[in-house]
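This report concerns only the one structure given below.
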Amino acid sequence: TELSKIRNFSIIAHIDHGKSTLADRLIQRTGGLTEREMQQQVLDNMDIERERGITIKAQTVRLEWKGCTLNLMDTPGHVDFAYEVSRSLAACEGALLVVDAAQGVEAQTLANVYQSIEHDHEIVPVINKIDLPAADTDKVKAEIEDIIGLDASNAVLTSAKSGIGIEEVLDAIVDRIPPPTGDRDAPLKAMLVDSWYDPYLGVVILVRVMEGTLKKGQQIKFMQAGTTHLVDRVGCFRPKLTQLEELGAGEIGFITAQIKEVAQTAVGDTITDARKPADKALPGFKEVQSVVFCGLFPVDANDFEKLRDSIGKLRLNDASFTFEMETSAALGFGFRCGFLGLLHLEIIQERLTREYDLDLITTAPSVVYHIELTHGAGHVELHNPADMPEPNKVETIAEPWIKAVIYVPDEYLGPILKLCQDRRGIQQNLTYVAGRAQVTYELPLNEVVFDFYDRLKSITRGYASFDYEQIGYREGDLVKMNILVNNEPVDALSMIVHRSQAEARGRHMCERLKDLIPRHMFKVPIQAAIGGKVIARETIAALRKDVTAKCYGGDITRKRKLLEKQKEGKKRMREYGNVSIPQEAFIAALRMG
Ligand code: GTP
2 TELSKIRNFS IIAHIDHGKS TLADRLIQRT GGLTEREMQQ QVLDNMDIER ERGITIKAQT
62 VRLEWKGCTL NLMDTPGHVD FAYEVSRSLA ACEGALLVVD AAQGVEAQTL ANVYQSIEHD
122 HEIVPVINKI DLPAADTDKV KAEIEDIIGL DASNAVLTSA KSGIGIEEVL DAIVDRIPPP
182 TGDRDAPLKA MLVDSWYDPY LGVVILVRVM EGTLKKGQQI KFMQAGTTHL VDRVGCFRPK
242 LTQLEELGAG EIGFITAQIK EVAQTAVGDT ITDARKPADK ALPGFKEVQS VVFCGLFPVD
302 ANDFEKLRDS IGKLRLNDAS FTFEMETSAA LGFGFRCGFL GLLHLEIIQE RLTREYDLDL
362 ITTAPSVVYH IELTHGAGHV ELHNPADMPE PNKVETIAEP WIKAVIYVPD EYLGPILKLC
422 QDRRGIQQNL TYVAGRAQVT YELPLNEVVF DFYDRLKSIT RGYASFDYEQ IGYREGDLVK
482 MNILVNNEPV DALSMIVHRS QAEARGRHMC ERLKDLIPRH MFKVPIQAAI GGKVIARETI
542 AALRKDVTAK CYGGDITRKR KLLEKQKEGK KRMREYGNVS IPQEAFIAAL RMG
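Under full-length UniProt numbering, the sequence shown has 381 at position 380, and the numbering climbs by one with no breaks.
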């Protein structure tokens, strides 16, 4: 395809503002499909997905409009995937910014918009859902201008739902977004934008060719990974998979090269011709690094193999989380897993629970601490509080900090500032736009990984949005706090806390556990301790009578039921220091409330 006839763009939108609906409309309009055919087609695709047991991950599609080829690049809408988003954006020359006419601009969209601006993108504002009675396009235009600083006078007004403004969007893409540049005859440089596993095709790689030409049968080299492969398919999605002979500079499409695992493909890697390689890789490559770690243990020890299997399967399609086996005195065999961020952790945990039907215990999420040992004994990267060296061996300990941008309606500002302050936050900025406040805080990531997000949502009844980026490591007065149940430390509950908060958190933890652990035949002390020093203590009183005593011995079925219920309860408990701790206690105890 001639370069001047190509447009590469992505869609930036807040969740629920109508990205998928608009994308479907663009496909429908350019494919000349009727609504019924469209539905049929979407259904067909879903059948394929169901049959194969996969979801077609990338929504990246090629559209034809008035003699131009438009490539719509999907971007993950998720703060933890900022790097993946940056690579998708680097593959485009422009973006549609979709804003809900009734909701206005949200903080999560801002991060992507700014990234898009950094990539010198031409951004076309699209105000969607103009059919809603609450739509206020003038207000939203003003927000786009005030908050983002984009000219919104020529924003395209749409109702993706009713099909209004769709042709205008397509025209705006052609007229306003610049075509890509590149030389088809130069040595090949293609960016690996995304990859996913398909049971029939193997690993499918989404690419943007920057320079040169990518052909079927070509011997290619991944410049970062250093591996070579033979290209066996080249193509694009329209939205159906269509095979092509080649992809030239400026084009977006996919290749397959008999690759078995996504772990062999790194997002942002440069693909070049193995025989005629480019001398320099494309800029911007970053190795994926886990930011948050936690232990995942099966509630039922017999599920360990099932958990191993399920984690392996998930990893086939998501190379961005890591895992290794872990043994815990409290929880038995499990895995220490690393994630890109908190939300990523939640996604994986939820998929394991839902799709693989596993009952899991998740230990306190932990960030990675950098520890300098005394007497120059070296540097340790700590992923698990249980492995913390003795206090006298620690010279300094540093923790990761983030810059968080919170966007919140005025009336909730007070409680949000308090929450940030409680979490050792340092306020950087506070501005008001259109009745809403935008607050910027620097916060220790450690303070955010527990329940910050939940708290934020509940304090603001869901009206706040939150976005963050990492800003590096800072030293802090951090200590390891152990929780002892019946005088034995429970490794899964140990955590690293700031000394100034140790006592409050220790007390809170003991109080929580007191309510969460059932009574036993003996007194059970619960303590929080730093080193040998107890900083908080609660005691669970001993149980007096047999539970079945209530049944007066008469009603035998009731008695049996009660016993069965107890047995059931047992299954979901963990024995520790002769004390049974229910599964829920582990999770509940970690919520700070
Ligand atoms: P995620 O897939 O969750 O990221 O959301 P999305 O941004 O892709 O939004 P989606 O297209 O799924 O739309 C969200 C909801 O808004 C759906 O219920 C749509 O039917 C609805 N919606 C989308 N466009 C319009 C519109 O123009 N008008 C109205 N009234 N509703 C719309």
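Quick reminder that beta carbons are idealized off the backbone N, C-alpha and C, glycines included. Keep in mind that this is a model prediction, so the values were computed, not measured.
Restricting attention to beta strand (DSSP E) runs no shorter than 3 residues, the segment 365-393 encloses them at 370-374, 380-383, ordered along the chain.
M326 places its beta carbon 8 Å or farther from that of F340.
Its chain contains V175 as the residues whose beta carbon lies nearer than 7 Å to that of K67, once the 5 sequence neighbours on both sides are disregarded; these appear in chain order. Counting only residues whose CB is nearer than 6 Å to a non-hydrogen atom of the ligand GTP, the list in chain order is A14, I16, D17, H18, G19, K20, S21, T22, G78, N129, K130, D132, L133, S160, A161, K162.
Assignment of K140 by DSSP, reduced to helix, strand and coil, places it in the helix class. R506 places its beta carbon 8 Å or farther from that of V480. In this structure, T31 places its C-beta atom within 8 Å of the C-beta atom of L171. Restricting attention to beta strand (DSSP E) runs no shorter than 3 residues, the segment 424-449 encloses them at 427-434, 437-445, ordered along the chain. In its chain, beyond the 5 residues on either side, G19, T22, K130, D132 have a beta carbon closer than 8 Å to the beta carbon of K162. At the C-beta level, V293 and G342 come within 8 Å of one another. Shown here, C421 sits in a helix according to DSSP, grouped into three states. CA-to-CA, the gap between G183 and E144 works out to about 36 Å. Between K6 and T70 the beta-carbon gap is near 6 Å, inside 8 Å, which marks them as a contact. The beta carbon of L431 sits closer than 6 Å to the beta carbons of V440 from its chain, once the five residues preceding and following it are set aside; these are given in chain order.
Contact annotation: G269 and K281 have beta-carbon atoms that are not nearer than 8 Å. Among the bridge pairs identified by DSSP, G236 is matched with Q244, F255.
Rounded to whole angstroms, E262 and E146 show a C-alpha spacing of 44 Å.
Where D274 is concerned, the enclosing beta strand (DSSP E) starts and stops at 271-274. Counted as a single uninterrupted DSSP element, the alpha helix (DSSP H) harbouring Y454 occupies residues 453-460.
Nearest Cα to T364 within the set A399, G473, P386: P386. A465 sits in coil when the DSSP states are folded into three classes, being neither helix nor strand. A direct Cα-to-Cα measurement between A258 and D492 gives close to 45 Å. Boundaries for F523: no alpha helix (DSSP H) harbours it, and the DSSP string shows neither H nor E there. Fewer than three beta-carbon pairs drawn from the segment 229-245 and the segment 294-310 are found closer than 8 Å, and the two stretches are therefore not classed as touching. A buried status is given to H15, since no fewer than 16 other beta-carbon atoms sit within 10 Å of its beta-carbon. Closest in alpha carbon position to I165, among L27, H521, S117, L344, is L27. Going by beta carbons, K190 and T271 fall inside the 8 Å limit.
Judged by their CB atoms, A537 and C511 are nearer to each other than the 8 Å cut-off. Counting every other CB atom within 10 Å of its CB across the protein chains shown gives D121 a total below 16, marking it as exposed.
Between V100 and I118, the CB-CB gap reaches or exceeds 8 Å.
In the displayed model, Q290 falls within coil according to three-state DSSP, outside both helix and strand. Judged by their CB atoms, T76 and S11 are nearer to each other than the 8 Å cut-off. Linking K216 to Y469 through their CA atoms gives a straight-line distance of about 40 Å. Here L514 really is in contact with I527; their C-beta atoms are around 5 Å apart, less than 8 Å. For T354, the enclosing alpha helix (DSSP H) has its first and last residue at 343-355.
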